[in-house]
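For reference, the structure is listed below as structure tokens.
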Amino acid sequence: MRTKKVRFVVMVVLIAMLAAFPLSAGASHAWGNYHWARTANPFTIKVIDSMTTDWDGKLDLAISDWDTSSVMNVVKASGNSSLTTRWRCAAAFGKVRACNYTYGNNGWLGVAQIWASGSHITQGTAKMNDTYFNTAQYNTPAWRQLVICQEVAHTFGLGHQDENFDNPNLGTCMDYTRDPSTNQHPNQHDYDMLALIYAHLDSTTTVGSAPVGFANADVHAVENWGEKVHESADGRSALYVRDFGNGFKIFTFVFWAE
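This is the structure we're talking about:
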């Protein structure tokens, strides 16, 4: 914890520097102003492990990578990994659940879904589609690490640094690429972005009551994702929003398979 406090002080200084020398518009990769409500930094985010043993090491590494952030403690929580649990991948209030399952030939490789009340994230899920990860193209340590690192990060409020698969690698899992060999972990810009997202504090860590059906909404099927509000130029990345009114929304980030 002392190390985190030291890093946090360093990041405060960095934030002041960034205020004096702002990032260019294209350099920001937060998606909106969505964040977890908390009253102090670093705060703790629990990631429920509802994954099979062949994914556990990848999840552990992703958690360790994001735990390096100065503003958050990312820890793993034990969870049920039964077939039914992994297929449903039900969200848990105040936590993130990570799952893998053979979700079928539905086009997506990985999906992150985030529940938000106003600008505050309330729960999230990160799902890996073994239907594609069991194929020769995607059944590699590098592809698995890139996708799980990215989907978990979306639940923190991070977007993509680059959505063009043909651009040179940026050395971060938040960068789309055809060669994931050097894009399996966060880079410094990711950590800097998290520090900016969580630079302010909230007065509470709770949210008000939600509409009926919001917290346990069925967003498993594509037709339940809501409106597509963003798509990359090549169609390989998309963002959907299902709006429940009064600031209650569910966001779905999609990493489409090639």
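Read in order, the letters of the sequence shown are residues 1 to 258 in my numbering.
The C-beta atom is built at its ideal place from N, Cα and C for all residues, glycine as well.
**Study point:** Residues sharing a beta bridge with G48, DSSP
**Key:** Sequence inspection shows Ile at residue 48; the Gly mentioned does not correspond to that position. Answer is A77, R97.
**Study point:** A98 to G226 span [Cα, whole Å]
**Key:** 22 Å
Check your understanding: Quick one: is K228 buried, meaning 16 or more other Cβ sit within 10 Å of its Cβ, or exposed?
Key -> exposed
Review point. Contact check, A221 vs E231 under 8 Å by CB: the rounded distance?
Key: That pair is no contact at about 19 Å.
Check your understanding: By a C-beta neighbour count over all protein chains shown, 10 Å radius and 16 as the cutoff for buried, is G26 buried or exposed?
Key -> Bear in mind that a pLDDT of 39 at G26, under 50, signals an unreliable position, so the number given afterwards is only what the model happens to contain. Answer is exposed; the Cβ neighbour count stays below 16.
**Study point:** Secondary structure of Q184, DSSP reduced to three states
**Key:** coil
Practice item. Take N105 and list the residues in its own chain whose beta-carbon comes closer than 7 Å to its own, dropping the five residues that flank it on each side. Key: T131
Review point. With DSSP run on the structure shown, which of helix, strand or coil describes F214?
Key: coil
Check your understanding: Rounded to whole angstroms, how far is the Cβ of R38 from the Cβ of L201, which I believe are closer than 8 Å?
Key -> 7 Å
Review point. Leaving out five residues before and five after F251 in sequence, what residues of the same chain have Cβ atoms less than 6 Å from its Cβ?
Key: I114, V241
Practice item. Select from L83, A153, W143, S117 the residue whose C-alpha is nearest the C-alpha of I45. Key: A153
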